[in-house]
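Heads up: the sequence shown begins at 1 in the UniProt record's numbering, then just goes up one per residue.
Don't be surprised by glycine CBs; every beta carbon is placed ideally from N, CA and C.
Notes follow once the structure below has been shown.
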Amino acid sequence: MATQRPGFTRVDTDIPLKDVGHATSTDIEKEGASPEVTSIHNEPPIFDAAKEDHFGEAEVLSDAKGVLTHVIHVDDDPSLSPWTFRAMFLGIGLAIFASVIQEIYYFKPQAIYVSLVFITVIGYALGELMALLPRTNAVFRFFNPFPFNSKEHAFILIMASAAATNAVSTEILAAQRLYYDMDPSAGASIFLVISSQLLGFGIAGLLRSILVQPTR
1 MATQRPGFTR VDTDIPLKDV GHATSTDIEK EGASPEVTSI HNEPPIFDAA
51 KEDHFGEAEV LSDAKGVLTH VIHVDDDPSL SPWTFRAMFL GIGLAIFASV
101 IQEIYYFKPQ AIYVSLVFIT VIGYALGELM ALLPRTNAVF RFFNPFPFNS
151 KEHAFILIMA SAAATNAVST EILAAQRLYY DMDPSAGASI FLVISSQLLG
201 FGIAGLLRSI LVQPTR
């Protein structure tokens, strides 16, 4: 039998346990304890679509026009113009950069692709950088007529993204040199690439009413 150590008084600190249901509440009844209520719930939270929706209702989008109007803004400011030197300079510059990178790495084992996300981000950054030029005289106002706007950004993205793919006609020139021992002239090569690219843009323009403009 265990004996009590001298100088120590044994005090029982155990609290008697009670059976508590999962969906009920109980008061901790103990001398010196605060009478707080503890609740335990097993039921999962109820999802209410009407409360979760910020507008009080869920709208179903059934066509491409509805999706488009919910993704981008449809307001137009006629005072904003995309035809600026800034947009032309950045669009042509990024188009040359993207096309050169695509063609250089087209025949290499490790290809490098210029993504549209990169063009979008770098075009916006460069546009905002050029918008920092002071409009103190006519020369600076020509380079920076007004703050950089979304129309200029879209114009830059359209030009650069159109050139961010390699020209497939370069495979013809590569096959002539590799398999047929033919060395086409620089002029013929340039006109071959330009004509094939313009042919593709022409076909895209003819199919614009079918592919770009969906009807209900």
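The C-beta of M159 has 16 or more other C-beta atoms within 10 Å across all chains shown, which makes the residue buried.
Excluding sequence positions up to five before and after P184, its CB lies within less than 7 Å of the CB of L173, Q176, all in the same chain and listed in chain order. Taking C-alpha positions only, V139 is separated from G200 by approximately 39 Å. Less than 7 Å divides the Cβ of F143 from the Cβ of F85. Judged by their CB atoms, V114 and I122 are not nearer to each other than the 7 Å cut-off. Distance from I119 to L94 at the Cβ level is roughly 6 Å; contact confirmed, criterion being Cβ atoms closer than 8 Å.
I104 carries a helical assignment under DSSP once its states are collapsed to helix, strand and coil. Annotation: the continuous alpha helix (DSSP H) that includes A186 extends over 186-206. L116 and A162 have their C-alpha atoms roughly 10 Å apart.
When L198, E152, L207 are compared, the shortest CA-CA separation from I92 is found for E152.
In terms of Cα proximity to L198, the closest of V212, V168, Y180 is V168.
With a contact defined as Cβ atoms closer than 8 Å, A125 and P147 miss out at about 15 Å. Assignment of T84 by DSSP, reduced to helix, strand and coil, places it in the coil class.
L133 carries a coil assignment under DSSP once its states are collapsed to helix, strand and coil. Residues Q176 of the same chain have their beta carbon placed closer than 6 Å to that of M182, with the five preceding and five following residues left out of the count.
Straight through space, the alpha carbons of T136 and T170 are spaced by roughly 47 Å. The Cβ atoms of N149 and E103 lie no closer than 7 Å to each other. Going by DSSP, H70 is part of the alpha helix (DSSP H) stretching over 64-71. For L178, the secondary structure class from DSSP, reduced to helix, strand or coil, is helix. Excluding the 5 residues flanking it on each side, Q110 has no same chain C-beta neighbour closer than 7 Å. Nearest in C-alpha terms to P145, of all of K108, S79, V212, is S79. Secondary structure of V117 (DSSP, three-state): helix.
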